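Chains as they are written, first to last, in the working numbering: chain A, 1 to 182; chain B, 1001 to 1182.
Yeah, the Cβ is synthetic: ideal placement off N, Cα and C, and Gly gets one too.
As the structure is a prediction and not an experimental result, all values here were calculated from the model.
Note sheet for the following structure.
2 protein chains.
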Amino acid sequence: MSGERKEGFVLWFTGLSGAGKTAVAVHTEQELKRRGLRVERLDGDIVRKSLTADLGFTREDRDTNIQRVAFVAKLLSRNGVAVLCSFISPYRATRDWVRQEVTNFVEVFVDVSLDEAIRRDVKGLYRKALAGEIRNFTGVDDPYEPPLNPEIRLDTDHETVEESAGKVLRWLEQQDFIPPSM
Amino acid sequence: MSGERKEGFVLWFTGLSGAGKTAVAVHTEQELKRRGLRVERLDGDIVRKSLTADLGFTREDRDTNIQRVAFVAKLLSRNGVAVLCSFISPYRATRDWVRQEVTNFVEVFVDVSLDEAIRRDVKGLYRKALAGEIRNFTGVDDPYEPPLNPEIRLDTDHETVEESAGKVLRWLEQQDFIPPSM
């Protein structure tokens, strides 16, 4: 089947809330589908209903969340599916664990300055976290450990969603994960 | 790619503990792989580590267990994977819910008499359940609701594992889910 690889890959979008992880993932997903790949996208909103309804935001719960997602990503990626995961996933050790679990892990650091993330505050969560109304909020009272050597770094302070998605797609083309665009 | 279908299917092996669900699933899995299909097998031992470590055997926990498994089976089956799930899954309503969730649900009723399951007692669990040492044990102090209209019924009181797996494979061939054997 055209465009079909034996193995898939996992694009792991990590970054602060408001960095644009899901926006870039959705844009990338659409383009990958247009090119005929099998694609699945996972994020908190998608998995919370079925997979992680019981989990909160303590370090232990965050890790359990990622472990369940990694299990799904592992099964999909080894069966030829392109998997796009967008999770804050603030802990380096947890992301490194996912890297070892799945087929062809691609760490995509969706980098944004905290100031810009607070300025956007799409979901109104930073305001609440800064007011102390919610706890364990990454970037406010919970740490974010940036990737040391990500496959791809996006700078969403200065890039549009289209530009960021374009960087991801070009990287995938260069690494021969996907065929070049027409 | 030869032997590749656009959509996968989900073989859902349901039945009492000791019925032979996993034995038949393993045998079927090997043959499907031999024929070049993409295959994933899920059972309690496989998912407990990553997906359902927090769950016990109350009705609510059993249903949550199946919901998480169904989520995984849904994503795999719609991406062309043959998924083999063996879970007691004692409740009819839960199985009917899975049927609606996944692509090409095939209910395989692994039927065994309770007497025979107790006689086998591979894991020593019936003895403990009958002695009151463990609770909520299907067939002893928790109900098993047999399928009313399963796609496939296996009679493991009277069939070998090979015969049962053969019935599953023939059904899949007849329904054009897999190409005929050479």
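Would residue i and residue j be called neighbours here (beta carbons separated by less than 7 angstroms)?
| i | j | result |
| --- | --- | --- |
| residue 139 of chain A | residue 16 of chain A | yes |
| residue 156 of chain A | residue 25 of chain A | no |
| residue 168 of chain A | residue 28 of chain A | yes |
| residue 94 of chain A | residue 68 of chain A | no |
| residue 110 of chain A | residue 154 of chain A | yes |
| residue 1128 of chain B | residue 1086 of chain B | no |
| residue 13 of chain A | residue 136 of chain A | no |
| residue 1011 of chain B | residue 1108 of chain B | yes |
Would you decide whether residue i is buried or exposed? Buried here means 16 or more other CB atoms lie within 10 Å of its CB.
| i | result |
| --- | --- |
| residue 1162 of chain B | exposed |
| residue 1040 of chain B | buried |
| residue 62 of chain A | buried |
| residue 49 of chain A | exposed |
| residue 7 of chain A | exposed |
| residue 164 of chain A | buried |
| residue 151 of chain A | buried |
| residue 1 of chain A | Per-residue confidence for residue 1 of chain A stands at a pLDDT of 36, beneath the threshold of 50, marking its modelled position as unreliable; the derived number appears in the next sentence. Burial call: exposed. |
| residue 1181 of chain B | exposed |
| residue 23 of chain A | buried |
If we define contact as Cβ-Cβ less than 7 angstroms, is residue i a contact residue for chain A?
| i | result |
| --- | --- |
| residue 1026 of chain B | no |
| residue 1068 of chain B | yes |
| residue 1007 of chain B | no |
| residue 1032 of chain B | no |
| residue 1057 of chain B | no |
Roughly how many angstroms separate the alpha carbons of residue i and residue j, rounded to a whole number?
| i | j | result |
| --- | --- | --- |
| residue 160 of chain A | residue 147 of chain A | 21 angstroms |
| residue 66 of chain A | residue 92 of chain A | 12 angstroms |
| residue 1090 of chain B | residue 117 of chain A | 48 angstroms |
| residue 143 of chain A | residue 1099 of chain B | 42 angstroms |
| residue 1114 of chain B | residue 44 of chain A | 42 angstroms |
| residue 218 of chain A | residue 112 of chain A | What the structure shows of chain A is the stretch from 1 to 182, and residue 218 of chain A is not part of that stretch, so it cannot be assessed. |
| residue 96 of chain A | residue 120 of chain A | 29 angstroms |
Output yes if chain B places a C-beta closer than 7 angstroms to the C-beta of residue i; else output no.
| i | result |
| --- | --- |
| residue 86 of chain A | no |
| residue 140 of chain A | no |
| residue 79 of chain A | yes |
With a CB to CB cut of under 7 angstroms and the five nearest residues on each side skipped, what residues in its chain are close to residue i?
| i | result |
| --- | --- |
| residue 5 of chain A | With a pLDDT of only 49 at residue 5 of chain A, under 50, the local geometry of the prediction cannot be trusted, and no value is derived from it. |
Please go through the same chain and pick out, in chain order, the residues whose beta-carbon is closer than 8 angstroms to the beta-carbon of residue i, but skip the five residues on each side of it.
| i | result |
| --- | --- |
| residue 1009 of chain B | 1077, 1082, 1083, 1103, 1104, 1105, 1106, 1172, 1177 |
| residue 3 of chain A | In this prediction, residue 3 of chain A has a pLDDT of 42, which is less than 50 and means its spatial position is unreliable; nothing more can be read from the coordinates. |
By Cβ distance below 6 angstroms, which residues in the same chain neighbour residue i in space, the five residues on each side in sequence not counted?
| i | result |
| --- | --- |
| residue 101 of chain A | 70, 74 |
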